[in-house]
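Undergrad:
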DNA sequence: CCGTATCCCTCCGGATACTG
DNA sequence: CAGTATCCGGAGGGATACGG
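Protein chains in written order, with the numbering used here: chain A, 1 to 133; chain B, 1001 to 1133.
1. Please list the partners that residue 1049 of chain B has in chain A, where partner means a Cβ-to-Cβ separation under 7 Å.
2. Give me whichever residues DSSP pairs with residue 80 of chain A in a beta bridge.
3. Three-state secondary structure (DSSP) at residue 1074 of chain B?
4. Could you tell me whether any Cβ in chain B is nearer than 8 Å to the Cβ of residue 44 of chain A?
5. Exposed or buried, residue 103 of chain A, counting other C-beta atoms within 10 Å across all chains shown (16 or more means buried)?
6. To the nearest angstrom, how far is it from the Cα of residue 1081 of chain B to the Cα of residue 1043 of chain B?
7. Can you name the start and end residues of the alpha helix (DSSP H) that residue 55 of chain A belongs to?
8. Output the distance between the C-alpha atoms of residue 115 of chain A and residue 1127 of chain B, rounded to the nearest integer angstrom.
9. What does the alpha-carbon distance come out to for the pair residue 109 of chain A and residue 1021 of chain B?
10. Any Cβ of chain B within less than 8 Å of the Cβ of residue 66 of chain A?
11. Taking only beta-carbon atoms, is residue 1088 of chain B less than 8 Å away from chain A?
12. Less than 8 Å separating the beta-carbons of residue 37 of chain A and residue 1028 of chain B?
13. Given this structure, state the Cα-to-Cα distance separating residue 1077 of chain B from residue 54 of chain A, to the nearest angstrom.
14. Count the other C-beta atoms from every protein chain shown that fall within 10 angstroms of the C-beta of residue 136 of chain A, then say buried if there are 16 or more, exposed otherwise.
15. Under 8 Å by Cβ, that's how I've got residue 1072 of chain B and residue 119 of chain A pegged, so tell me the actual separation to the nearest angstrom.
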């Protein structure tokens, strides 16, 4: 982490910055955005290809997620007006750049998921101690 | 991003891994976790210190967030049974390690927030074109 | 001081059906 | 194929009041 940005106590009083950054974090945290970004990292995909790959996502949420990502300038939506219509989604430069920190986070999560899950198990066990000495 | 983990197409079929990783991403994405982790990066804080620093968080959400982080093994909760009671929260090793990728993401967000916001403005303008030629 | 409990309301997200 | 529209349940999250 760098000291010169939002992590320094000196500018934490600038709450506006935290709020704005939070809007980006919220997008990362929502249920499908990361999945979509990951799938598109290999190249552009059509709507139903995306839907098939992710598997358990509804059309509603997929289109909503894609619209959100498009709105944020992270993916492009290319319509080919043929019959049947064809729509391709791809990452923008910004989207590819986002892939770097998101990938780092994903790698951390992947590396530490066992630690987190065992911590959860321990915590839950310690707090359901209706049965103990 | 590394090729060897969850980002490789070869193991995307292992949906269980994605699901598990998603639980961690959800914690990052929730409204207060990142703020708390950031504040605790400088050292331990008491409940109301934390609450005051963040400012607009309710007790309910702060305690819920802290319990979640504690459950995941990211923060510790130290009770000093005095009168009045004193409770200190601090990052665990795992929490400090998480700070690295989270900081990277925060830095990305901070660096690109302008691009994202202008993309949003452009998108919104293009889609509220009830008034045009 | 440090929470928990309750109420209440909004938004997320799934299922289904329909349109271009 | 690529969505939109509608309905609906449930989780998220704020305000307030109360307990240890």
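Backbone N, C-alpha and C fix where the C-beta goes; we use that ideal spot for every residue, glycine too.
Source: prediction; values computed, not measured.
TA: Considering the structure as presented:
1. If you number the second chain from 1, residue 1049 of chain B lands on position 49. Correct list: empty, because the minimum Cβ distance to chain A is about 13 Å.
2. One-based indexing of the first chain puts residue 80 of chain A at position 80. DSSP, once it has assigned bridges, lists A:86 as partnering residue 80 of chain A.
3. Start at 1 with the first residue of the second chain, and residue 1074 of chain B comes out as number 74. Of the three classes helix, strand and coil, the one that applies to residue 1074 of chain B here is coil, per DSSP.
4. On the first chain, position 44 is the one that residue 44 of chain A refers to. False, the Cβ-Cβ gap to chain B never drops below 8 Å.
5. One-based indexing of the first chain puts residue 103 of chain A at position 103. Its Cβ being crowded by 16 or more others within 10 Å, residue 103 of chain A is buried.
6. Indexing the second chain from 1 puts residue 1081 of chain B at position 81. Indexing the second chain from 1 puts residue 1043 of chain B at position 43. Looking at the two C-alpha atoms, the distance is approximately 21 Å.
7. Position 55 of the first chain, counting from 1, holds the residue named residue 55 of chain A. Residue 55 of chain A -> no alpha helix (DSSP H), and no H or E assigned at all.
8. As a working mapping, residue 115 of chain A is identified with position 115 in the first chain. As a working mapping, residue 1127 of chain B is identified with position 127 in the second chain. Rounded to whole angstroms, residue 115 of chain A to residue 1127 of chain B spans 45 Å at the Cα level.
9. As a first step, residue 109 of chain A must be located in the first chain, where it is residue number 109. As a first step, residue 1021 of chain B must be located in the second chain, where it is residue number 21. Each residue's Cα considered, the two are about 6 Å apart.
10. Residue numbering aside, residue 66 of chain A sits at position 66 when the first chain is read from its first letter. Residue 66 of chain A does not count as touching chain B.
11. Walking along the second chain from the start, residue 1088 of chain B turns up at place 88. Chain A contact via Cβ: absent.
12. Working through the first chain from its first residue, we reach residue 37 of chain A at position 37. Working through the second chain from its first residue, we reach residue 1028 of chain B at position 28. In this structure, residue 1028 of chain B does not lie closer than 8 Å to residue 37 of chain A by Cβ.
13. Within the second chain, numbered from 1, the residue matching residue 1077 of chain B stands at position 77. Within the first chain, numbered from 1, the residue matching residue 54 of chain A stands at position 54. Near 38 Å, if we compare the C-alpha coordinates of residue 54 of chain A and residue 1077 of chain B.
14. Residue 136 of chain A lies beyond the residue range present for chain A, which begins at 1 and ends at 133; the question has no answer from this structure.
15. Taking the first residue of the second chain as position 1, residue 1072 of chain B is located at position 72. Taking the first residue of the first chain as position 1, residue 119 of chain A is located at position 119. Yes, they are in contact, since the Cβ atoms of residue 1072 of chain B and residue 119 of chain A sit about 6 Å apart, within 8 Å.
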